[in-house]
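Sequences listed follow chains A and B, in order. The numbers in our numbering rise by one with no breaks, and the one at position 182 of the first sequence is 182. The numbers in our numbering rise by one with no breaks, and the one at position 555 of the second sequence is 555. From the three backbone atoms N, C-alpha and C, an ideal C-beta is built for every residue, glycine too. These notes are about the structure you will find just below.
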Amino acid sequence: MRAPDMDAGVTAGDVLLAVENVSLRFGGVKAITDVSFDIRKGEIRAIIGPNGAGKTSMLNVINGFYHPQDGRITFKGRTRSKMRPYVAASQGIARTFQNVALFKGMTTLDNIMAGRTLKMRRGFFWQMLRHGPAMAEEIEHRKVVEEIIDFLEIEAIRKVPVGRLPYGLQKRVELGRALAMEPELLLLDEPMAGMNLEEKEDMCRFILDVNSQFGTTIALIEHDMGVVMDLSDRVVVLEYGRKIADGVPDEVKSNQAVIDAYLGVPH
Amino acid sequence: MTAVDSVRADTFAKLLAHNAAVRGDRPAFRHKDLGIWQTWTWAEVYENVRCLAVGLERLGLKHGEAIAIVGANRPKLYWTVMAAQMLGAVPVPVYADAVADELAYVLAHAEVKFAAVQDQEQVDKILSVSERLPLLRHMIYDEPRGLRDYDHTRLHPMAEVIAEGEEALKDPGVASWLDGIMAAGKGSDVSIILYTSGTTGRSKGVVLTAERCIAAARDTVTFDKLDEKDEVLAYLPLAWVGDHYLNYAQGLVAGFCMACPESAETAMQDLKEIGPTFYFAPPRVFEQILTRVMIRMEDAGRLKRRMFHYFIGVAKRYGEKILNGERVPLGGRLLYGLGRLLVYEPLKNVLGFSRIRVAYTAGEAIGPDLFSFYRSLGLNLKQLYGQTEAFLYVTAQPDGAIKPDTVGPPMPNVEIRLSESGEVLFRSPGMFVGYFKDDEKTKEVLTEDGFIKTGDAGFFDPAGHLKIIDRAKDVGKLNDGSLFPPKYIENKLKFFPNIKEAVAFGHERDYVSCFINIDLTAVGNWAERNNVVYGSYQELAGHPLVYDMIEKNVDEVNRSLAAEPMMAGAQIRRFLILHKELDADDGELTRTQKVRRGFIAERYAPLITALYDGSGEADITTEVTFEDGRKGTISARVKIRDMRIYPAAVKEKAA
Chain A
1 MRAPDMDAGV TAGDVLLAVE NVSLRFGGVK AITDVSFDIR KGEIRAIIGP
51 NGAGKTSMLN VINGFYHPQD GRITFKGRTR SKMRPYVAAS QGIARTFQNV
101 ALFKGMTTLD NIMAGRTLKM RRGFFWQMLR HGPAMAEEIE HRKVVEEIID
151 FLEIEAIRKV PVGRLPYGLQ KRVELGRALA MEPELLLLDE PMAGMNLEEK
201 EDMCRFILDV NSQFGTTIAL IEHDMGVVMD LSDRVVVLEY GRKIADGVPD
251 EVKSNQAVID AYLGVPH
Chain B
1 MTAVDSVRAD TFAKLLAHNA AVRGDRPAFR HKDLGIWQTW TWAEVYENVR
51 CLAVGLERLG LKHGEAIAIV GANRPKLYWT VMAAQMLGAV PVPVYADAVA
101 DELAYVLAHA EVKFAAVQDQ EQVDKILSVS ERLPLLRHMI YDEPRGLRDY
151 DHTRLHPMAE VIAEGEEALK DPGVASWLDG IMAAGKGSDV SIILYTSGTT
201 GRSKGVVLTA ERCIAAARDT VTFDKLDEKD EVLAYLPLAW VGDHYLNYAQ
251 GLVAGFCMAC PESAETAMQD LKEIGPTFYF APPRVFEQIL TRVMIRMEDA
301 GRLKRRMFHY FIGVAKRYGE KILNGERVPL GGRLLYGLGR LLVYEPLKNV
351 LGFSRIRVAY TAGEAIGPDL FSFYRSLGLN LKQLYGQTEA FLYVTAQPDG
401 AIKPDTVGPP MPNVEIRLSE SGEVLFRSPG MFVGYFKDDE KTKEVLTEDG
451 FIKTGDAGFF DPAGHLKIID RAKDVGKLND GSLFPPKYIE NKLKFFPNIK
501 EAVAFGHERD YVSCFINIDL TAVGNWAERN NVVYGSYQEL AGHPLVYDMI
551 EKNVDEVNRS LAAEPMMAGA QIRRFLILHK ELDADDGELT RTQKVRRGFI
601 AERYAPLITA LYDGSGEADI TTEVTFEDGR KGTISARVKI RDMRIYPAAV
651 KEKAA
């Protein structure tokens with residue numbers, strides 16, 4: 001509903017990340033074949049496709065977890081073919097996972113604090129002391145984390161170990177941890193999977209708010225077509241590792257190749 | 001106390017100024033924000049409220065105009081109430097979770113010109129019904145998140161309004177103008193309009209004046225010896241008379257501190273952190289807390305569990321007597337002392353009850369066991385009875401004279417009288433002026449000599465404590481003329497943990513019969529422990545052993561009914577256990593979980609026929625609505641049990 005006015009705010013053509021002719025193989029299995037697309041600054045970009053289309057592999061390529069055999073990735077104007085995940089993280093790419101990957105025994109607060117690790121400047125020694133500059137730094141980070149907790153409305157579970165939380169809330173904590181990195185590009189792998197309607201609506205609201213309030217660029221994988229069509233500015237569709245469509249939701253919805261991929265083709 | 005008595009402030013604004021003067025450094029408000037408790041002193045609150053008042057006046061809020069307050073318990077929303085009262089405007093708090101339609105009705109009926117809201121959610125809600133609110137001129141909001149891109153011609157952040165007022169107040173002329181407005185405020189001015197929640201029909205606006213509110217609050221502050229060192233957690237809905245009375249009015253009169261929770265979900269944790277000295281919760285909350293404690297104790301180690309149960313037993317024997325100041329053997333006192341050290345105090349600490357001096361519950365009947373449990377731990381829990389039209393209190397239990405099944409004697413300065421039909425009538429210092437724009441309804445509830453009809457039926461016990469049995473219009477008569485108070489019977493049944501809901505029938509019939517809903521958690525737990533196998537709610541509800549268990553409960557209810565001369569005729573002759581849970585989605589309960597007796601009677605007509613024609617079982621088919629809105633039908637064959645009736649033996653004993 002707010003997507004239209006957001007479009008106006010996006011500076012057209014300002015590409016944050018470009019994927020060019022990327023191919024990824026695991027032995028003989030071709031996960032991604034010659035895919036190119038771009039993500040513009042400030043947009044919500046959806047990657048969709050049937051099961052096994054290579055969506056998660058694509059996210060893994062973007063954040064440096066997989067190294068594609070062919071192709072180039074340009075992020076903030078710097079081209080690379082190989083990058084380690086922590087380098088991606090330090091450059092401003094954060095992500096959440098399809099199957100929640102939190103520290104189950106730690107509290108919500110500690111999990112989100114963990115997202116600040118890359119921003120901590122003081123070394124191990126100072127942090128051990130828990131005094132002086134490290135303390136001041138910790139307070140500063142805590143403030144950011146508290147703002148995220150407030151933003152995601154999870155005050156009530158601040159001190160609860162995340163293993164005890166229901167799935168929908170764990171997903172929210174994971175989003176919180178990704179936000180704690182103050183990323184420029186946020187990758188969300190099925191943020192609504194396994195959620196009920198109310199949780200989905202909440203999550204949609206948070207994603208839109210993150211996008212509009214912090215100006216964070218978001219790339220998300222999602223199966224719920226209603227969500228995808230409502231949220232995203234542009235959609236790229238993969239099938240068997242190939243790109244079959246790319247465009248605004250309405251275009252994609254009426255694309256014959258996409259309809260065939262999802263509904264099957266009569267033989 | 002003396003400070004309070006020394007002033008005769010007749011408006012809340014004057015009380016605020018007084019508090020700022022005599023206890024300016026003491027905390028007035030707390031709010032947990034970003035995980036940290038923020039505190040404002042009375043002096044700071046007074047300054048903020050003055051700025052806000054001037055800011056609102058600059059926006060055009062005038063004397064006598066209504067301003068809606070919509071949101072959770074936030075200091076800034078309370079300040080808006082104060083600021084409005086300072087200007088002589090009329091705050092109208094509205095339930096924050098009201099759906100847009102209800103909200104529109106109240107806002108339109110109250111003719112609000114302004115609305116002060118908490119956040120984007122409320123702004124959106126009001127905007128969505130704005131065509132029904134042509135009089136609404138401006139909206140101010142507390143939390144700016146998500147509102148940046150909204151059209152701000154008629155929408156203002158509260159911080160900005162305060163800042164503008166602050167700027168304007170630098171001009172001494174403005175400051176003295178404000179002082180003048182405050183001084184000119186009269187106690188007889190309308191201080192607030194509280195809309196009733198409207199269980200029956202549209203909600204009505206209860207108009208209250210400052211002098212009456214303050215007079216009532218002074219009485220109860222004295223009654224419970226509240227002072228500036230007390231502290232409350234303000235977590236009750238802003239629009240409910242309970243919050244406005246217990247927290248706001250008493251807070252301003254006694255000068256105690258109101259702590260606002262971080263969010264509604266964190267209220268329990270915040271309670272522990274704040275450790276209030278005065279506390280109110282409906283029975284439901286006390287029940288939830290007890291259930292949680294019991295479940296957690298089941299998971300504790302064996303030693304702890306045994307210690308817990310042993311000392312809870314000790315508390316049951318001596319606790320209440322000690323609290324009431326009765327005689328207890330020395331051994332009992334020593335054991336209880338040990339229990340305090342090992343169990344009661346640590347438990348109360350975990351719950352945030354350590355510092356409570358006075359706790360109240362009201363709203364519905366509280367189970368005697370539940371009530372006694374808390375009292376036996378040394379928590380001074382009491383019951384009160386009241387309603388919005390009274391500005392809450394009508395009766396309350398005084399310290400040390402508690403009877404679990406009564407609501408206590410009339411409060412100081414409250415007169416109570418019973419009508420011929422048994423309806424409770426009262427006249428109190430805090431009573432309302434009338435319903436807003438509804439003289440007809442006002443006339444309906446007032447007697448000629450100025451008493452308010454509560455609509456509740458009740459009687460006084462020999463000690464002069466009021467006992468409420470039911471809504472007067474619901475109290476029926478059996479064919480033999482004996483009294484039939486359905487809710488009174490249902491509540492007795494519901495006090496058993498196995499019974500979740502009960503619906504009694506008997507008006508203009510030969511005897512009382514009832515439907516029972518088992519509590520799936522409690523009965524399911526029992527089934528697990530006793531190797532009773534069941535596949536569904538329906539199967540468990542129809543299980544003969546479950547029937548046996550419920551029969552025992554019903555029998556006990558009959559015995560206790562027989563013990564009361566007025567109720568002996570209303571013993572339950574036959575009962576059945578319903579095959580499905582009564583559900584608000586099916587229209588069987590109201591959204592506040594009250595049974596809709598008439599509707600149920602219609603829907604389950606074949607079952608009622610069977611209850612009165614002597615058959616042993618009956619077939620029923622009902623339509624149900626699933627959580628996702630789909631509909632289906634459930635059919636079942638329901639068994640009916642006959643009960644033993646006790647002679648009204650006590651009648652002779654009493655005579």
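Closer than 6 Å by C-beta to residue i: which residues in its own chain qualify, once you throw out the five before and the five after it? Chain order, please.
i                : result
Lys76 (chain B)  : Asp142, Met158
Asn491 (chain B) : Ala365
His63 (chain B)  : Gly88
His67 (chain A)  : Lys82
Could you check the C-alpha separation between residue i and residue j for me, to the nearest Å?
i                : j                : result
Glu137 (chain A) : Glu184 (chain A) : 22 Å
His543 (chain B) : Thr107 (chain A) : 44 Å
Ser354 (chain B) : Val293 (chain B) : 15 Å
Glu47 (chain B)  : Gln288 (chain B) : 40 Å
Tyr235 (chain B) : Ala72 (chain B)  : 8 Å
Pro283 (chain B) : Thr361 (chain B) : 6 Å
Gly464 (chain B) : Gln383 (chain B) : 15 Å
Glu420 (chain B) : Arg172 (chain A) : 60 Å
Ser128 (chain B) : Glu102 (chain B) : 12 Å
His18 (chain B)  : Tyr78 (chain B)  : 17 Å
Phe600 (chain B) : Gln387 (chain B) : Correcting the residue identity first, residue 600 (chain B) is Ile in this sequence and not Phe. Looking at the two C-alpha atoms, the distance is approximately 27 Å.
Glu389 (chain B) : Lys594 (chain B) : 21 Å
Glu661 (chain B) : Thr196 (chain B) : Residue 661 (chain B) falls outside the range modelled here, since chain B spans only 1 to 655, and no answer is possible.
Lys653 (chain B) : Glu564 (chain B) : Because Lys653 (chain B) carries a pLDDT of 40, less than 50, the predicted location of this residue cannot be relied on, and no value is offered for it.
Ser635 (chain B) : Leu290 (chain B) : 36 Å
Pro429 (chain B) : Phe223 (chain B) : 14 Å
Arg218 (chain B) : Tyr318 (chain B) : 34 Å
Asp270 (chain B) : Ala584 (chain B) : 31 Å
Skipping 5 residues on each side, what residues in its chain have a beta carbon closer than 7 Å to that of residue i?
i                : result
Gln571 (chain B) : Val512, Asn558, Leu561, Ala562, Ile645, Tyr646
Gly163 (chain A) : Lys104, Gly105
Ala8 (chain A)   : Residue confidence is low: Ala8 (chain A) scores 39 on pLDDT, short of 50, so the model does not pin down where it sits. No coordinate-derived value is stated.
Ser90 (chain A)  : Leu118
Tyr374 (chain B) : Phe286, Leu381
Glu57 (chain B)  : Leu87
Name, please, each residue of chain A whose Cβ falls closer than 7 Å to the Cβ of residue i.
i                : result
Glu262 (chain B) : Glu155
Thr266 (chain B) : Glu155, Ala156
Run the CB neighbour count on residue i, radius 10 Å, all protein chains shown included, and call it buried at 16 or more, exposed below.
i                : result
Arg574 (chain B) : buried
Tyr262 (chain A) : exposed
Val350 (chain B) : exposed
Tyr435 (chain B) : buried
Ile36 (chain B)  : exposed
Phe626 (chain B) : exposed
Glu320 (chain B) : buried
Ala541 (chain B) : buried
Glu131 (chain B) : exposed
Met1 (chain A)   : Caution applies to Met1 (chain A), whose pLDDT of 38 falls short of 50 and renders its modelled position unreliable; the value that the coordinates give is listed next. So Met1 (chain A) counts as exposed.
Whose Cβ in chain B lies nearer than 7 Å to the Cβ of residue i?
i                : result
Arg158 (chain A) : Gly35
Asp150 (chain A) : Leu34
Asp209 (chain A) : Gly146
Glu146 (chain A) : Leu34, Gly35
Residues of chain B with CB under 8 Å from residue i, in chain order?
i                : result
Lys143 (chain A) : Leu34
What residues in its chain sit with their C-beta under 8 Å from that of residue i, if we drop five residues either side in the sequence?
i                : result
Gly325 (chain B) : Gly400
Pro50 (chain A)  : Glu239, Ala261, Tyr262
Phe499 (chain B) : Here the sequence assigns Ile to residue 499 (chain B), which means Phe is not the residue at that position. Cβ within range, chain order: Leu493, Ile516, Asn517, Ile518, Asp519, Ile550, Asn553.
Show which residues of chain A have a CB atom less than 8 Å away from the CB atom of residue i.
i                : result
Glu273 (chain B) : Chain A residues near Glu273 (chain B): none, gap ~11 Å exceeds 8 Å.
- Query: What are the complete beta strand (DSSP E) segments, minimum 3 residues, inside the stretch 204-267 of chain A?
  - Reply: Whole beta strand (DSSP E) segments, 3+ residues: 217-221, 234-239, 242-247.
- Complete runs of the alpha helix (DSSP H) confined to the stretch 537-612 of chain B [at least 4 residues]: 537-541, 544-562, 597-603
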